Amino acid sequence: MRELQVLDDPAGALAERLAEAADRGANIALTGGSSPRPAYERAAELGADWSGATLWFGDERCVPPEDDRSNYGMAKAALIDRLPSGDAGPTVHRMRGEAGPNAAADDYERELRAALGEAMPRLDLVLLGLGSDGHVASLFPGSPALGERERVVVGVEEAGLEPFVPRVTLTLPAIDAAREIVFLVTGVGKAEAVARAFEGERDPAVPASLVAPLDGTVTVLLDELAARELRERR
Ligand code: 6PG
35 MRELQVLDDP AGALAERLAE AADRGANIAL TGGSSPRPAY ERAAELGADW
85 SGATLWFGDE RCVPPEDDRS NYGMAKAALI DRLPSGDAGP TVHRMRGEAG
135 PNAAADDYER ELRAALGEAM PRLDLVLLGL GSDGHVASLF PGSPALGERE
185 RVVVGVEEAG LEPFVPRVTL TLPAIDAARE IVFLVTGVGK AEAVARAFEG
235 ERDPAVPASL VAPLDGTVTV LLDELAAREL RERR
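Adding 34 to a residue's 1-based position in the sequence shown gives its number in our numbering.
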């Protein structure tokens with residue numbers, strides 16, 4: 035099931051989904067990039083109980099955590115550092131991008147399987163963004179990683195878009211195993227990619243179009259600008 039929602043305040047909607055999942059003690063994969071930052075800041079203010087929640091990451095850039103390009107660094111500043119720490123806060127599993135793409139992917143796959151089972155781990159909520167080139171997590175158009183069927187996490191030597199550093203990413207089967215997938219996509223720069231990802235055919239040139247949950251749901255939270263090229267809005 036895929037639902038597109040065009041909202042005045044998609045970041046607020048994402049913040050609420052995130053806080054509700056935290057209250058349920060969910061396993062949540064955070065997304066990186068710049069779009070989710072305000073949503074994370076607002077989620078931290080909603081007074082949820084994060085003590086049972088576990089925060090994972092959908093992808094990471096291969097840089098140290100204190101680097102400006104680190105997805106963990108962004109999430110730490112916008113969300114994690116604003117939550118109670120210790121027993122009252124969430125458990126956080128970051129991808130160790132600084133170890134290099136393949137070692138970081140191996141480690142993270144082990145961590146996910148240890149926590150959620152040896153079969154394809156099922157995260158409760160996977161948050162995703164969309165690149166202007168149609169990429170999702172760090173799965174770029176034409177990347178061999180798109181064909182991965184067994185692995186949970188893989189290293190990606192070459193990023194298709196800035197920042198041009200190697201990446202670590204959940205695979206499509208790991209994303210598709212999630213119980214809930216929520217995209218946050220804002221701004222006119224994403225409008226064409228939105229139409230290709232969510233109204234077009236499945237196409238490896240548009241990795242987000244390949245996201246197809248086994249039995250979970252997909253919700254796409256859009257602002258007016260990002261929704262502008264959707265057929266029904268043209
Ligand atoms: C990353 C991502 C990536 C992101 C999109 C959108 O590490 O780059 O997690 O998939 O979600 O590139 O990023 P923006 O919000 O910065 O446009």
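Glycine included, C-beta positions come from ideal geometry on N, C-alpha and C.
These figures come from a predicted structure and were not determined experimentally.
Per-residue DSSP class, three states only, for residue i
| i | result |
| --- | --- |
| E258 | coil |
| G189 | strand |
| A63 | strand |
| F198 | coil |
| D121 | helix |
| V222 | helix |
| L48 | helix |
| D83 | coil |
| R36 | strand |
| E132 | helix |
Beta carbon of residue i nearer than 7 Å to that of residue j
| i | j | result |
| --- | --- | --- |
| A239 | P155 | no |
| R236 | L244 | yes |
| G66 | N136 | no |
| A242 | A231 | yes |
| D57 | A82 | yes |
| R95 | R201 | yes |
| A212 | D93 | no |
| R76 | A112 | no |
7 Å CB neighbourhood of residue i in its chain, flanking five on each side removed
| i | result |
| --- | --- |
| K224 | L164, S166, A260 |
| A246 | D210 |
Residues of its chain near residue i, where Cβ-Cβ distance is below 8 Å and the 5 sequence neighbours each way are ignored
| i | result |
| --- | --- |
| L117 | A78, W84, G123, P124 |
| E100 | G107 |
| T220 | P44, A45, S69, L256, D257, L259, A260 |
Contact set for residue i: own chain, Cβ-Cβ below 6 Å, skip 5 residues either direction
| i | result |
| --- | --- |
| L48 | A73, L218, L255 |
heavy atom of the ligand FAD below 6 Å from residue i C-beta
| i | result |
| --- | --- |
| R116 | The ligand FAD is absent from the structure shown, which contains only the ligand 6PG. |
Neighbour flag for residue i against chain D, beta carbons, 7 Å
| i | result |
| --- | --- |
| L162 | No chain D is present in this structure, which holds just one protein chain. |
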